[in-house]
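Each residue of the sequence shown is one higher than the one before, counting from 1 in the UniProt record's numbering.
Yeah, the Cβ is synthetic: ideal placement off N, Cα and C, and Gly gets one too.
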Amino acid sequence: MIERKIQELIKKAIVEQQQAGRWPHFEVPAIAIESPQLAEHGDYACNISFPLSGLLKISPMEIGTVLLSGIRAMVQENKMISQVELAAPGFLNFSLAPAWLNGAVDTINQKGAEFGKSNAGRQKKVQVEFVSANPTGPIHVGNGRGAFLGDTLANILYWVGYRVEREYYINDLGKQIEILGESVTRRYLQNQGIHVPYPDYCYQGEYINEIAKSLHLKNYTLKNAQKINEIKNKIKQTVLKKMVREIQNLLTNKLRVKYDVWFSEQSLYDSGQFERTLNKLKEKDLTYEKEDALWFKSSGFGDDKDRVLIKNDGAPTYFASDIAHHEVNFLTNSKKINILGADHHGDVPRLQAAMSALGYQGKLDIILVQFVRLVEGGFEVKMSKRGGSFITLEELVDEIGLDVARFFFLMYSTATHMDFDLSLARKKSEKNPVFYVQYAHARICSIMKKLKIKKGQAKPKSNETELNHPAELALAKELIKFPDLLLKISQNYEIHRLPFYAVEIAKKFHNFYTQCRVIDQGEVNQARLELIQATQVVLKNVLSLMGVTAPKKM
């Protein structure tokens, strides 16, 4: 990986100064490598002189001058770097050698579908939990954002060498499930001609009536029912199974979202895991009783106050179940990433406190995903026949297509609210980023088909010129960023950088193809041919990680 190699050069130059006694011994700060915005600043830049300035009490330019001398001596034997420069007020700028870039393009083509993969994760087991929506209604567009983010992040983690487990936590206990059972029961009775009211606290939306109409209860005469509670529990279990099956079918079959584990909250109690976790907290003297309730001493672990585990009516809180659930996860995983809606922000400190108390400090990462609005013509779109007051994810995908939905949801940082532009999503032009990227891939496939280039087939007649045109080099430099990008996303979870990277590749490819001829006067330029083949490889790999198709024609 290029950035890591540059980091190693810089660190070696620092250590040399320490070993020579010119600088004192200190732990080398994190070395951040960036891509400069201006081409004259090279291909990669580093600001290490600034944090070192605070440690050494000398100016960044003086530090940069010393490091520059050491790095230049090292890169004389390094074919990757052609030039290293120092720019005020202390940046080190690195330029890649064109000859090395030609070899890097060859490497991309040789690795093909494996390009971008690494073993940075060292096969550590990590779990990604995402969506985990209550099975009380259709999956809405907000859930969709979490679904595609979680699926893509899991793909990336796998590519960089982690063993990944994908989990959906089924909240099949509690008040919401009781209300679901009651809602369907009341609609069922109404459909049987039995007059019962339908309170406001029941779930609204046509989907409740659809479920009620689909029920066929055997060996039970509903017309003889005098009280709703007589049949509610029977209907609740039937409906719960049906809702979970619908969610599973939608996510895994229709939306191409992968899961390894569907974990039931009820199983925590059936298996005794809840009691074991509760006893563990008690044995550590982390609980106490007050007002007939059992409390967890979460304020001792960074939370702003203590939290209730068992209410005064004897019922466990959602928080208590979450603690037991997360402990189960850590029995088999070294790390857990939990993707939650922004409305769960209050759960973060208490959950982190509980994990610290149980000995899992630093092993839980929580990604909060901000809200989604569907907009069209500047106005928010809200109503749905099936969902009632919200648009279902299935309705959105049916309207705009799965590729567009996945790509659009991934384009935004999880920390920002998302306005999903329906008008743009429907467009079949270069203004639609999905179309723009897929068209680049299809265009390359068309060129290769025209030249009849297939695996195992002899290459066409060519001249052996190397890449040297600015548009060629710009495209090649973009392609080789892919492995470093994946490693960064696996660490900072900035998944939105992947679709933006795909757009940047497409942009540089279209610019290259406008300026550079692959076939000139009947002769194929082999270097350019290999460049577009490498572009097709990277585009296909990027789209595959996002769960978006890479069409051969459009």
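Three or more Cβ pairs closer than 8 Å define a contact, and the stretch 234-242 falls short of that threshold against the stretch 195-206. Using a Cβ distance threshold of 8 Å, Asn329 and Lys125 do not count as a contacting pair. Residues Val160, Gly161 and Tyr162 of the same chain have their beta carbon placed closer than 6 Å to that of Gly121, with the five preceding and five following residues left out of the count.
Sixteen is the threshold: since fewer than 16 other Cβ atoms of the shown chains lie within 10 Å of the Cβ of Gly362, the residue is exposed. Contiguous beta strand (DSSP E) elements confined to the UniProt domain "Arginyl tRNA synthetase N-terminal" (4-96) occur at 44-46, 81-87 and 91-96, taking only those with 3 or more residues. Per DSSP, Met554 has no beta bridge partner at all.
In the three-state reduction of the DSSP assignment, Leu217 falls in the coil class. For Gln533, the closest of His469, Arg497 and Arg443 by C-alpha to C-alpha distance is Arg443. Ranked by Cα distance from Ile519, the first of Gln83, Phe512 and Leu529 is Leu529.
Excluding its 5 nearest sequence neighbours in each direction, Ser132 has C-beta neighbours in its own chain below 6 Å: Tyr168 and Tyr169, listed in chain order. Remark: C-beta atoms of Gln438 and Ala550 approach each other more closely than 8 Å. Runs of the alpha helix (DSSP H) lying entirely within the UniProt domain "DALR anticodon binding" (437-554) and spanning at least 4 residues, in chain order: 470-479, 482-492, 497-515 and 526-546. Pairing Gly142 with Phe371 gives a Cβ-Cβ distance under 8 Å.
In this structure, the beta-carbon distance from Leu486 to Ile33 does not fall below 8 Å. Short of 7 Å from the beta carbon of Gln7, and not among the five residues preceding or following it, lie these beta carbons of its own chain, in chain order: Ile31 and Ile33. In the structure shown, Thr152 adopts helical secondary structure according to DSSP, grouped into three states. Secondary structure note for Asp270: its alpha helix (DSSP H) is the uninterrupted segment Glu265 to Asp270. Separation of Pro51 and Gln37 (C-alpha to C-alpha, rounded to the nearest whole angstrom) is 22 Å.
Residue nearest to Pro199 within the set Ser53, Val184 and Phe420 is Val184 (criterion: CA-CA distance). The Cβ atoms of Leu475 and Phe509 lie closer than 8 Å to each other. The alpha-carbon separation between Val524 and Leu451 amounts to approximately 9 Å. Segment contact: the stretch 349-359 against the stretch 293-300, three or more CB-CB distances shorter than 8 Å; contact assigned. Glu289 carries a strand assignment under DSSP once its states are collapsed to helix, strand and coil. Boundaries of the alpha helix (DSSP H) harbouring Val348: Asp347 to Ala357, taken from the DSSP string. Relative to the Cα of Val128, the nearest Cα in the group Asn253, Thr65, Phe379 and Phe263 belongs to Phe263. Comparing alpha-carbon positions, the option among Val66, Gly314, Ser321 and Arg517 lying closest to Ser271 turns out to be Ser321. Leu396: member of the alpha helix (DSSP H) spanning Leu393 to Ile400, first to last residue. According to the DSSP assignment, Asn191 belongs to the alpha helix (DSSP H) that extends over Lys175 to Asn191.
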